[in-house]
Amino acid sequence: MDTVSHIIFGLGLGALAQIDPMISTNSTLSTAVIVGTVVGSNAPDFDFFYRLKGKSTYYRNHRGWSHSLPAIPSWSILTTAAILPFFAGSSISHMFFWILLSVTLHVLLDLFNVNGTQALRPFSKKWLSLDFLPLIDPYIIMLHVLGFSLLPFFETGRTFTFIYLAMFIYLLVRLTTTQFTKWMLKQHFKNSLRIKMITKTSPFQWDVIIETNQDFLFGFYSTGELRIQHTFSKKVDYPGLVIDSSQNPEVESFLRSTHFAYPFVQKRKSGYFIYWKDLRFRSKKFFPKLAIMLISLDYQNQVSYTGKLTSIKHYKRVIKKLETSIK
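Residue numbers (our numbering): 6 to 332.
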């Protein structure tokens with residue numbers, strides 16, 4: 006989820022914590038818990054400092070150790086220790102419990118969307134994602150806004166108990182419908198290798214990627230109907246260049262962040278363009294998240310780009326810059 010959503014969750018958990026009389030009757034502890042849940046709800050994303058070392062380092066590490074099993078208690082302890090000096094006399098156990106809950110909820114929410122996390126580190130480096138929440142969920146945000154708007158009229162802790170109960174039911178419906186739809190698609194596409202569900206804003210609509218031995222099928226599923234919009238053949242031109250490009254440090258880091266990157270090769274006057282497109286993110290036939298590598302026609306020079314393209318104009322600027330750099 007995005008930073009704003011995590012902040013909203015932090016405030017919501019701070020409000021929910023008021024169900025505890027020890028917190029609601031102690032203004033210092035109450036403030037400490039609210040500050041702690043807001044900071045804790047964002048703590049796993051403090052790995053954005055990897056950006057200072059470049060995109061390749063960020064792709065390699067984001068949502069890795071920072072969202073792992075050991076990171077949950079570690080972030081909770083660090084956050085509690087950082088906040089405690091500003092709220093002398095506050096109950097450490099109460100602060101730690103709610104901060105731990107906020108950190109845990111952050112990791113779970115990121116696990117629920119298409120990006121996923123390496124939540125099972127150090128036992129597994131596999132990327133896990135349950136694919137039943139969009140990156141920004143307006144319904145969850147509206148539930149929180151409703152809860153905040155009711156605070157002048159009702160008791161804070163009880164209000165957010167009902168808000169979070171409603172949210173739990175909503176998440177359960179999202180999870181159930183996504184898994185059931187995926188199961189139905191697997192029954193129909195029995196020869197598929199993988200099926201990826203990319204949740205849309207509506208709880209009952211998904212973009213779908215179906216991988217077979219021969220190709221990738223891209224479709225849209227809604228109201229019991231799947232519409233295949235286009236396909237990509239898995240045949241790869243210049244396989245040797247593709248292998249070479251995958252060993253480039255920036256491209257390798259990009260590939261570590263997704264299991265749904267696939268190469269496309271295009272020969273131009275300036276050289277060979279190898280596009281590693283993250284198939285999970287698309288707008289029709291445009292894939293904005295990718296790694297691009299340009300290898301000169303004599304194989305002596307290469308340049309690369311990794312990141313997210315915001316438009317066709319942005320794409321053309323990147324291509325022109327790569328072509329200029331290799332001359």
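Cβ coordinates follow ideal geometry from the N, Cα and C atoms, glycine included.
> Who does Leu-231 pair with in a DSSP beta bridge?
Replying inline: Tyr-226
>> Output needed for Asp-25: all residues of its chain with C-beta closer than 8 Å, excluding positions within five of it in sequence on either side, in chain order.
In response: His-99 and Gly-162
> Assuming Ser-238 contacts Gln-219 under a Cβ cut-off of 8 Å, what Cβ separation, rounded to an integer in Å, is found between them?
Replying inline: 7 Å
> Roughly how far, in whole angstroms, is the beta-carbon of Leu-299 from the beta-carbon of Leu-327, given that I think they are within contact range, below 8 Å?
Replying inline: 4 Å
> Beta-carbon separation of Pro-268 and Val-308 under 7 Å?
Replying inline: no
> So what does DSSP say about Met-189, is it helix, strand or coil?
Replying inline: helix
>> For Asp-142, count the other beta carbons within 10 Å of its own beta carbon; 16 or more makes it buried, fewer makes it exposed. Which is it?
In response: Answer is buried; the Cβ neighbour count reaches 16.
> Relative to the alpha-carbon of Ile-203, which residue among Asp-136, Ala-22 and Leu-295 has its alpha-carbon at the smallest distance?
Replying inline: Taking the Cα of Ile-203 as reference, the smallest distance to any Cα among Asp-136, Ala-22 and Leu-295 is reached at Asp-136.
> What separation, rounded to the nearest whole angstrom, lies between the Cα atoms of Asn-118 and Lys-191?
Replying inline: 20 Å
> Could you give the distance in angstroms between the alpha-carbon of Val-256 and the alpha-carbon of Val-247?
Replying inline: 11 Å
> DSSP three-state call for Gln-23: helix, strand or coil?
Replying inline: helix
> The alpha helix (DSSP H) with Ser-251 in it runs from where to where?
Replying inline: 244-251
> Between His-149 and Val-112, which are expected to be in contact by the criterion C-beta below 8 Å, what is the C-beta distance as a whole number of angstroms?
Replying inline: That pair is no contact at about 19 Å.
> Candidates Ser-29, Pro-75 and Val-40: which alpha carbon is nearest Pro-49's?
Replying inline: The residue with the shortest Cα to Cα distance from Pro-49 is Pro-75.
> From the DSSP output, which residues share a beta bridge with Val-270?
Replying inline: Answer is Ile-279, bridged to Val-270.
>> Using the three-state DSSP reduction, which class does Tyr-310 fall into: helix, strand or coil?
In response: strand
>> Helix, strand or coil for Trp-132? Go by DSSP, reduced to three states.
In response: coil
> Expressed to the nearest angstrom, what Euclidean distance is found between the alpha-carbon atoms of Ser-129 and Asp-303?
Replying inline: 40 Å
> Where do the N-terminal and C-terminal ends of the alpha helix (DSSP H) with Ile-39 fall, by residue?
Replying inline: 32-47
> Any idea which residues DSSP pairs Thr-122 with across the strands?
Replying inline: Answer is Leu-133, bridged to Thr-122.
> For Phe-101, which of Leu-116, Thr-122 and Ser-79 has the nearest alpha-carbon?
Replying inline: When each option's Cα is compared against that of Phe-101, the closest is Ser-79.
> Out of curiosity, what's the CA-to-CA distance linking Phe-92 and Ile-104?
Replying inline: 15 Å
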